[in-house]
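Enquirer:
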Amino acid sequence: MSGHTARILAIDTGGTMTDTILIDTSGDFVVGKAQTTPDHLARGIMDSLRDAARQWGMTLEEAAAGLELVVYTGTVMLNRIVSRTGEQAIGVITSAGFEDTLRFGRARQSWQHLSLPERLHAVSHFHPEPLVPRENVLGVRERVLSTGHVMIPLYEADARQAAETLIDRGMRTIIIAYLNAFVNPEHELRTAEIVCQVARERGVEVNVLLSHQVHPIVGEAGRLNAVVIQAYAAEPSRSQLKELQQEFRAAGSRASVRLLTNYGTTVSTDYERLIHTVNSGPTGGVIGTRFLGQHYDLRYLIATDVGGTSFDVGTVINGDVVLRDQGLIDRFFVNIPMVAVDSIGAGTGSYVRVDPVTERVRIGPDSAGYRVGVCWPEGGVDTVTVNDANLILGYLNPDYFLGGQVRLDRERALRLFEEQVARKLGVDVYEAAWGVHNLTNLTLKLHLQQVMLGMGFGPEVFHVACFGGGGPVHAIGYTDGLPLAGVMIPAWAPGFSAFGAACGDYGVRQEMSVDIYVPPPPGVTPTGIALDILRGVYDNLPPETRRQVDEAVETHRITREQAMANVLAGVAVQQLQAAWQTLRGQIEAEARREGLEISRLRFVPSVRVRYAGMLDDLEVQGDTTAVTGESLRQLMERFEENFDKVYARGARSTEFGYQITRVVLTGYYDSIKPHMAEAQTLEELPSEAAIKGRRRIYWQGEWHEATVYEMDALRPGNLLAGPCLVESPATTVLVPPAYQLYLDRRRVFWAIRPWEDARVYVGR
466 MSGHTARILA IDTGGTMTDT ILIDTSGDFV VGKAQTTPDH LARGIMDSLR
516 DAARQWGMTL EEAAAGLELV VYTGTVMLNR IVSRTGEQAI GVITSAGFED
566 TLRFGRARQS WQHLSLPERL HAVSHFHPEP LVPRENVLGV RERVLSTGHV
616 MIPLYEADAR QAAETLIDRG MRTIIIAYLN AFVNPEHELR TAEIVCQVAR
666 ERGVEVNVLL SHQVHPIVGE AGRLNAVVIQ AYAAEPSRSQ LKELQQEFRA
716 AGSRASVRLL TNYGTTVSTD YERLIHTVNS GPTGGVIGTR FLGQHYDLRY
766 LIATDVGGTS FDVGTVINGD VVLRDQGLID RFFVNIPMVA VDSIGAGTGS
816 YVRVDPVTER VRIGPDSAGY RVGVCWPEGG VDTVTVNDAN LILGYLNPDY
866 FLGGQVRLDR ERALRLFEEQ VARKLGVDVY EAAWGVHNLT NLTLKLHLQQ
916 VMLGMGFGPE VFHVACFGGG GPVHAIGYTD GLPLAGVMIP AWAPGFSAFG
966 AACGDYGVRQ EMSVDIYVPP PPGVTPTGIA LDILRGVYDN LPPETRRQVD
1016 EAVETHRITR EQAMANVLAG VAVQQLQAAW QTLRGQIEAE ARREGLEISR
1066 LRFVPSVRVR YAGMLDDLEV QGDTTAVTGE SLRQLMERFE ENFDKVYARG
1116 ARSTEFGYQI TRVVLTGYYD SIKPHMAEAQ TLEELPSEAA IKGRRRIYWQ
1166 GEWHEATVYE MDALRPGNLL AGPCLVESPA TTVLVPPAYQ LYLDRRRVFW
1216 AIRPWEDARV YVGR
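My numbering puts the sequence shown at residues 466 to 1229.
Put into structure tokens, the structure is as follows:
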């Protein structure tokens, strides 16, 4: 009989491995790992859960029975896009003249994620193949202006003909995406009625998606891409995720499966805008890093995830996860919010090749993924990988990979590494493997530096969390030489992204594009172009509002410009209040659908703002949705503070006034979260039972005798001197000579660098 009662299960399905973390009522947890099964999502997840349950002496059914929360994050939707195996029967109805928007996309799509040499040569640029063929994108004559005014009425005959053509071709999902529909959706709504009428006449069922409902945000290409991805990948995956729910029901669990969003909250599988979960794979690790930071009172952190395929880096600034308002999903630009994660194609499964012309070693970007490398003959891999180098150097235990479920062949790795790398370079095979390991670390370190410096901060302010299956092996290598505040390696690093998924609140982020002008604050007089902007906004006001300006000039004896500014400030307050109220209603409706108590919702408002006339905006968080003149002024002051950090104080353009381009409201509902247990006693010396033996490892041109420890047998307070290895079934922590490793009360390892005093860490 197990002494554990499983309470939370978090799942991270990666391209290589499926990680699960099972957390019990006392806060103890165990990490399960299994190979990802792209052909059958649930099988890999259940195998991973079974592995986790086994470590507690439980069956899968016993672990599932007590679950209160199941959170999923992974690449199931992204894989559909990458492999082009999503919904095929999709048709698009759009504004006449804009039928090629999907095909043309944006110029950046043709070179984004290419290396610098490839970016410099146009011959290497290419646009991704559209998810909907051009022949299934039909135009309808209509036009709505950006103000919402109808310039050209909807040609209903065109709409009917487009609907008939697409339905007769077998299209069973129809997307309707007109220009500026997010401002005035009447043409999309009427076209939807026509499509449904045609479907009834044909006796078929058609799923209709309207762009203003799926993604009411300015930016036609991004909005169209978002709704297409919703139809192509998200909707088909919904049924797959519901099958996963049924698997848990069959195993005896009553918990509902929730999905991690791109911005770090969790939603149900019935959530309408499932596009918000498509790219959630890298999100969990960043959310988990923030959770760690909260327990250690750390405000500036870097999340680094070394997987089999990629190296993902995210940031936490002043306790908040950094978001982007647009991103790429397989080279398709979408203007949906995402946790800012910068990735490169360098992981432990990355292929290693010697360029025949330059005789230089190239690592990645392609990867063996779950097939590990040539050291696993069953994987069918012929090209050596970083994993093979790590095995040759003695860092990996060939009999303990995935706890012994996968046996690695070191002799095969040595032979093929000699043939493919060492002989071509004219060096010893061990020196070649060391060079590959070192080059991998350097590649990861350069990427880490770029992210930190790009945020405008030096390394000294950041604590770096290192996780992923390959993170502990390379952590000390890719942080070496950087003056970081600290290097953290959670004992559950292989399942840390899954752990992070369990740290997110229930929450829905709703947003809408707006055009709200906020005049300059009192005391700032607009002149020249700034005055022209003020007058231009005033001229577009309704006549009754403009009359208020005339009355103010006569009553208060102020200049006309001052009266304009006062009236426009009042209009901005009303518009912002109305926008937030609209979003609040949408969030409350979603909460009701999930059966949540409205009174327990916690709302966090924010806006995206820029100086009037600028192109780029910044997100600013507000304190309340009850807008007043004073709270609006404080919001604009906060924008200027953020502006100074990103650009420079000298670039301020306060006299132009401000333009609110997007209104955002996130509703949070506090949910069950992991509890990080703290040990009450500390033991500095590891027990004899924790020592598995000794193994020779190669480091910087020399062989060293390294002590090998079993991770689960180590106790909080243990201080380990390098060279040593700390093994668990799912990962290995490499501690080179001159380094030390400390395990704290919360089972987080701290890398102690040669120049640091261990006493700083001991006692944590």
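Each residue gets a CB set at the ideal place from its N, CA and C atoms; glycine is no exception. On a predicted model such as this, the values are computed, not experimentally measured, just so you know.
#1: Spatial neighbours of residue 818 within its chain, please: CB distance less than 6 Å, with the 5 preceding and 5 following residues excluded, ordered by chain position.
#2: Can you check the stretch 620-673 for any beta strand (DSSP E) of at least 3 residues that lies completely inside it and give the ranges in chain order?
#3: Mind checking residue 498: buried by the 16 CB within 10 Å criterion, or exposed?
#4: Enumerated in chain order, which unbroken segments of the beta strand (DSSP E) with a length of 3 residues or greater are wholly contained in the stretch 824-907?
#5: Name the residue from 599, 646, 540 whose alpha carbon lies nearest to the alpha carbon of residue 568.
#6: Could you please give the first and the last residue of the uninterrupted alpha helix (DSSP H) stretch that includes residue 543?
#7: Here's the rule I'm using: 16 or more other beta-carbon atoms within 10 Å means buried, otherwise exposed. How should residue 767 be labelled?
#8: Report the partner residues of residue 813 according to the DSSP bridge assignment.
#9: So, for residue 785: in the same chain, excluding its five sequence neighbours on each side, which residues have a beta-carbon less than 6 Å away from its beta-carbon?
#10: Hey, residue 852 and residue 794 are a contact pair by Cβ (cut 8 Å); roughly how many whole angstroms apart?
#11: Which residues bound the beta strand (DSSP E) around residue 728?
#12: Can you tell me which of the three DSSP states residue 528 falls into?
#13: Can you check whether the CB of residue 680 is closer than 8 Å to the CB of residue 641?
#14: Nearest by alpha-carbon distance to residue 649: which of 856, 682, 1194 is it?
#15: Measure the CB-CB distance between residue 606 and residue 561 and report whether it falls below 8 Å.
#16: Check whether the Cβ atoms of residue 840 and residue 789 sit closer than 8 Å, and answer yes or no.
#17: Are the CB atoms of residue 1129 and residue 974 nearer to each other than 8 Å?
#18: Per DSSP, which one or two residues make a beta bridge with residue 780?
#19: Going by DSSP, name the residue or residues bridged to residue 975.
#20: Judging by CA-CA distance, which residue of 613, 685, 1206, 526 is the nearest neighbour of residue 940?
#21: Would you give the residue range spanned by the beta strand (DSSP E) that residue 1173 belongs to?
#22: By DSSP's criteria, residue 1215 is part of a beta bridge. Which residues make up the other side?
#23: On the DSSP bridge assignment, give the partners of residue 1032 in chain order.
#24: I'd like to confirm the pairing. Which residues does DSSP put opposite residue 938 in its beta bridges?
#25: So what does residue 723 bridge to, in DSSP terms?
#26: Please report the straight-line C-alpha distance between residue 738 and residue 726, rounded to a whole angstrom.
#27: Buried or exposed, going by whether 16 or more other CB atoms sit within 10 Å of the CB of residue 478?
#28: Where does residue 926 sit, in a helix, a strand or coil, going by DSSP?
#29: Just to confirm before moving on: does the CB-CB distance between residue 855 and residue 912 stay below 8 Å?
#30: What residues are listed by DSSP as bridge partners for residue 685?
#31: I'd like the list of long-range same chain contacts for residue 1136, defined as Cβ closer than 6 Å, with 5 residues on each side in sequence excluded.
#32: Please name the residue in 988, 822, 866 whose C-alpha comes closest to that of residue 838.
#33: Are residue 1090 and residue 1045 close, meaning C-beta to C-beta below 8 Å?
#34: What is the residue span of the alpha helix (DSSP H) that residue 965 lies within?
#35: For residue 1002, which of helix, strand or coil comes out of DSSP?
#36: What residues are listed by DSSP as bridge partners for residue 485?
Expert: Looking at the atomic coordinates:
#1: The answer, listed in chain order, is 827.
#2: 638-642
#3: buried
#4: 826-832
#5: 599
#6: Residue 543 -> alpha helix (DSSP H) spans 541-548.
#7: buried
#8: Paired residue(s): none; residue 813 is not in a bridge.
#9: none
#10: The Cβ separation is near 28 Å, so there is no contact.
#11: Counting along the chain, residue 728 falls outside any beta strand (DSSP E), and DSSP gives it neither H nor E.
#12: helix
#13: no
#14: 682
#15: yes
#16: no
#17: Annotated as proximal: residue 1129 and residue 974, with beta-carbon spacing under 8 Å.
#18: 767
#19: 1130
#20: 1206
#21: 1167-1175
#22: DSSP, once it has assigned bridges, lists 953, 1207 as partnering residue 1215.
#23: Note: residue 1032 sits in no beta bridge, so no partner.
#24: Listed as beta-bridge partners of residue 938 by DSSP are no residues whatsoever.
#25: 536, 733
#26: Approximately 10 Å between the Cα atoms of the pair.
#27: Buried: at least 16 other Cβ atoms inside 10 Å.
#28: Of the three classes helix, strand and coil, the one that applies to residue 926 here is helix, per DSSP.
#29: no
#30: Note: residue 685 sits in no beta bridge, so no partner.
#31: 970, 971
#32: 866
#33: yes
#34: Here the alpha helix (DSSP H) through residue 965 covers 961-966.
#35: Looking at residue 1002 - three-state DSSP - the assignment turns out to be helix.
#36: Beta-bridge partners assigned by DSSP to residue 485: 476, 497.
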